[in-house]
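Residue numbers (full-length UniProt numbering), protein chains in the order written: chain A, 1 to 343; chain B, 1 to 343; chain C, 1 to 343; chain D, 1 to 343. Heads up, the beta-carbon is just placed ideally off N, CA and C, and yes, glycines get one too. Here the structure is a predicted model, which is why all the values come from computation and not from measurement. First up is the structure itself, then whatever we jot down about it.
Rendered as structure tokens:
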């Protein structure tokens, strides 16, 4: 099957190239960007001699003619329009941006710019594969979840769905590596200012907040607004969410783990850690895993849930390919068997 | 005034040397360790040509004879015994370890080894200078607060004391640089395993938990056990605590800031950030500042409080010297005017 | 084909697991260490759920019975003895240590401990695949080159063999990430002391010096001792060698590049960069590539040669598998198609 | 004495503020930049509450009226013009840029833009304090040496001046932290691309080359062009130069050290390490020291010289203040007694 990528010069796009280059079923047909006719290795010298393609301009008709799937690795605000340009063109669209994830009114409030076409947003399937396998399988337009929401939702799902927690007191303290901010230059992601530093940003204002809440409320309509905080870590890849919830009654860690294990038993990319073991972000680097550890504290009646992903993999390109596999009828894990790069 | 340091080969000890070498009032009389007769620059080449002293063995009588103050930069379990050996010897003792901070029964539960002499613990003044100035001024034995407790307590004090928050739902999500773990070698603090990583540790089991709770309860007896989580950051210096509390009624961020500003108005080392500004850990590196930023979220009624310190300075050696200044009748800021090293 | 690994708890061993787990031809039969009966994920949590094997003790007969190839990822001093224990046991041995690389008299001088059995050293094939393909193909005992020698030799070979340089003035300034020092704990590789640092070590005394010189002299007997300096970089993976040689007559950069391109034309893991492009270490991270860039300086008549590898891949486990492929008659690149992990 | 700073928003300017804020003799009168009326803490939050000044526009007359010394922490190309605008205005000028360091013809070739006024360049004193104390003492316009040249020249001076080495074979392999590239944003200094990386840049083309050669040739007119290579380290502060020279006859390391010790005996900021000890960059962080270690290799007859500085201190702002001290008749070390920040 032929695939194309738009927005190839960003980190999400580059990671798609890394995965797709080694994928057994997909073939990279063309790569696109606003920079035309530049060999991709000029932008990414690590691809020198590996991928002999040049960036092309964006012509929706031509892309739709030649490819079965197009990945939009473009920023929010641009993806929505691009997705629309592929409407009715017999090509599946997988959008990695936030444009198709939440309704227009929420979008405007949190993203601070105009939302995408409403019908399109409605049509798009929000694709968290562990929970939406069937919808994904038949999707034409897929909205790939955000990096933070992926880590937060996968780790909160069991206790939220099973109603084990107080619905009005969820705190998600999230930490992300710098690549999550994309390849555009900024002061806070410059080396001298990010290194040996930890910075909190968008306190109570991160645009992934409504995305997380929307899905949580689908699982449990009693859910109230959550507290969601984001920190910039001095690492390149990786997200950790440390979530705090109030248990409705006394549970032991091992009871909670039993639930998590049973919920995720068949999921190839979820690894529930045994009692007293917690994942660290490096233990999933370069892979599509989401690792989860929990601890129920009898002193406070609160449960601490730790979840880690590689933000460019399970948090972006890896999950996009996982979705593409499902949409194409392939094994969900095809081309995603990366063992974490450690150390 | 003459001062001596025991436990000079650890990072807290080395930081005491950096401060005291430049201090206008204190003179480093002798430095001590279990390694005898080793020039300090052998252990710390950055001191080559700056401090021409060798490590000596520990003789309490001799130290008490020659010095007015002794700093114990030794590990928990050892400090307590050393402190006792100086009892009645006409020398002020400042202990940087956890040995004199909490009562015996708590100590045993959280530190997992035998507590120090009870009378000594009782006699020791817990010295958070912004809150205990008078007790510190007359202390003979001073227990220097832990790094995490310093950041957490300074940032929680105003809302806890003023009763602005729900006393049974405090979550402190804390992150520390690697130097906080000391100079002893371990796998988790080795470069290849700490770099490009974020690791959660001692989940709901960190020994600083009772220290924080004890002080909070002195300020507000209604306080219930808190949730306290610690993460290991891939940085050398710096702590951030991100704390979550439930406000008892609606407050704006600016109202909360007004409170913080008025509480800390006269404190030279506390910097309350203006609205929409949050401190990052690098902005206090090498200095004795504790910077605090807050945001009240009207969606959830919760307050987010961010606090940063340099764990070796305000979290250890800097605060110890601040206490020594107060105990000696000097200006609290003497020898502590370090401008943060940025970038 | 079945393979076993001894010394699995080190970083070289762990990297072998990462590669072999995904290899199309080799099957990991057993993993060995002095730590017996420990699940490998206890040592390396990133392998949780991926590799369900436990470490076993070392029984040469049993290993030889069950496996076609054994990888020795053990330290120098131990590998030699292990290699000997497999003598005559109908199993191919690939040793990643320095034990079989240089003659006894050199070994003692540079390694400062007793060398391995001389006959074994003589029998072992030094396996730099780009230069020793045929010897490797028929080897029974293979000595895998050191990390620094791999980067240095591959980048110096063309000008040394073709006699383009002054044979008595070669300077190799080498820089390595911390994983090159192995997983044993040490002060210089602890996070707080390696981070934000650059350290020079073993100045003119690194044990890889005779290994480099020996091979260079095989290519050009006029070669004189070289100057070789090693630095510890604050990164986990990656080596760069910056080499300086005096050209015997005036050459342009493009003439030199022509030579390098023709010499390495058919080598799948060597990437010669075009004029004015130089490789950086991150551009080969996680892959088996060795990237080389050169610049001939007309002001000085000197040539600067820059070479980068991932020390755990082309500098250790990757090259070992490349050698195993050749020894087994597989395509040299089997299981080694890793695209560099960037960023 | 009153001092002003132009170009305060760059890292060199910020470091000047850190030093001058704590200086016993100089008072920061005004700070200037193209950004007018912005409080400095907006640009540098670490100065919040420490320095209550706002950036002002640049009015040479006013600055000259109010200040005794002006520091130009502006980029090359701008400094030269600014320096000229202060001509004849009864104010001492210290320029941290490259504009006044080398003659016009060299400047154009290496800097690739128009040089500063020739008379000005000629009048400016090149101020390496360890070697030009007297000229500095009477200078009106001072050209502060570059970061790389400072490390290279201080470490090469003894053997070059004393004619101990072959004058046509000097190789300086230099490595710098990211802050050396300034605060302007660029891809190569963004966190995700600089972290876990080592990059070589401007191979044989760095603009500091002629500055180094010019001074070396003043010391020894037989000197031939040198080879000078620069690498970008994943650290914020620090430079190491590893230099390779050919000794004209056999010298032991201890003989060379004797020379270095005698040459630099009275220099407060030069620390010559004892035999077998080499400095690492972190051992001078935040301080004005230049630490030097050497090793003479009897195998090759070559001498390896390692030199480290903090590029923002001895490589920029620290040395500028050292020069200002000398120009003002103060003790050279006034306000520069920073103990290195370690770890």
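(1) Counting along the chain, where does the beta strand (DSSP E) carrying residue 303/A start and finish?
(2) How big is the Cα-Cα spacing for residue 62/B and residue 46/C?
(3) Which of the residues in the UniProt domain "Semialdehyde dehydrogenase NAD-binding" (2 to 139) of chain C, read from start to end, lie with their CB under 7 Å from any CB of chain A?
(4) Using a beta-carbon distance below 8 Å, is residue 273/A in contact with chain C?
(5) Determine, using beta carbons only, whether residue 244/D comes closer than 8 Å to chain C.
(6) When you compare the CB positions of residue 291/B and residue 273/B, do they come within less than 8 Å of one another, or not?
(7) Report the neighbours of residue 284/A on chain B: residues whose CB is nearer than 7 Å to its CB, in chain order.
(8) Could you pull the start and end residues of the beta strand (DSSP E) that residue 2/C belongs to?
(9) If the cut is a Cβ gap below 7 Å, which residues of chain C does residue 339/A touch?
(10) Using the C-alpha atoms, what's the distance from residue 244/B back to residue 207/B?
(11) Identify the continuous beta strand (DSSP E) that holds residue 293/A and give its terminal residues.
(12) Indicate whether residue 69/D and residue 324/D have their beta-carbon atoms separated by less than 8 Å.
(13) If residue 225/A and residue 213/A are in contact, beta carbons under 8 Å, what's the gap, nearest whole angstrom?
(14) Quick one: grab the DSSP three-state call for residue 126/A.
(15) Which of the residues in the region 209 to 238 of chain C, read from start to end, lie with their CB under 7 Å from any CB of chain A?
(16) Taking only beta-carbon positions, decide if residue 193/A is within less than 8 Å of chain F.
(17) Any Cβ of chain B within less than 8 Å of the Cβ of residue 260/D?
(18) Would you list the one or two residues that DSSP bridges to residue 70/B?
(19) If we define contact as Cβ-Cβ less than 8 Å, is residue 342/C a contact residue for chain A?
(20) Could you give the first and the last residue of the continuous beta strand (DSSP E) run that contains residue 270/C?
(21) Mind listing the chain B neighbours of residue 187/C? Cutoff is C-beta to C-beta under 9 Å, in chain order.
(22) Thinking C-beta only, is residue 89/B closer than 8 Å to residue 60/B?
(23) Hey, quick one: how far does the beta strand (DSSP E) through residue 143/B stretch, first residue to last?
(24) Ends of the beta strand (DSSP E) at residue 246/C?
(25) Any idea what DSSP makes of residue 173/C, helix, strand or coil?
(26) If distances are taken between C-alpha atoms only, which option among 335/A, 339/A, 340/A and 341/A comes closest to residue 25/A?
(27) Distance, Cα to Cα, residue 303/B vs residue 257/B?
(28) For residue 200/A, which residues from the same chain have a beta carbon less than 6 Å from its beta carbon, with the 5 sequence-adjacent residues on both sides left out?
(29) Quick check on the DSSP output: the beta strand (DSSP E) that includes residue 201/A runs from which residue to which?
(30) What's the gap between the Cα of residue 338/D and the Cα of residue 120/D?
(31) Beta carbon of residue 288/C, beta carbon of residue 147/C: below 8 Å?
(32) Have a look at the DSSP bridge pairing and note the partners of residue 167/B.
(33) Using the DSSP secondary-structure output, state which residues sit across from residue 232/A in a beta bridge.
(34) Taking the alpha helix (DSSP H) that residue 254/D belongs to, which residues open and close that run?
(35) Verify the CB distance criterion: does residue 176/B have a CB-CB separation below 8 Å to chain C?
(36) May I ask you to verify whether the region 43 to 57 of chain A touches the region 69 to 81 of chain A, counting CB pairs closer than 8 Å and requiring at least 3?
Per the coordinate set shown:
(1) Per DSSP, residue 303/A belongs to the beta strand (DSSP E) from 302 to 309.
(2) 52 Å
(3) So the list reads 11, 14, 18, 21, 22, 44, 45, 46, 48, 49 and 50, given in the order they occur along the chain.
(4) yes
(5) yes
(6) yes
(7) Result: empty, since nearest Cβ-Cβ is about 11 Å, beyond 7 Å.
(8) Residues 2 to 6.
(9) 18, 21, 22 and 50
(10) 20 Å
(11) Segment 290 to 297, the beta strand (DSSP E) holding residue 293/A.
(12) yes
(13) Residue 225/A to residue 213/A, Cβ: 6 Å. Contact.
(14) Reduced to three states, the DSSP call for residue 126/A is strand.
(15) 236
(16) This model lacks chain F altogether; the protein chains it does include are A, B, C and D.
(17) Contacts with chain B at 8 Å (Cβ-Cβ) do not include residue 260/D.
(18) 4/B and 93/B
(19) yes
(20) 270 to 272
(21) 183 and 185
(22) Yes. Within cutoff.
(23) 141 to 143
(24) 239 to 246
(25) Strand.
(26) 335/A
(27) Each residue's Cα considered, the two are about 11 Å apart.
(28) Closer than 6 Å at Cβ, skipping near neighbours: 231.
(29) 199 to 201
(30) Answer to the nearest angstrom: the Cα atoms are 33 Å apart.
(31) no
(32) In DSSP, residue 167/B forms no bridge with anything.
(33) Looking at the DSSP assignment, residue 232/A forms a beta bridge with 176/A and 199/A.
(34) 253 to 263
(35) no
(36) These segments do not touch.
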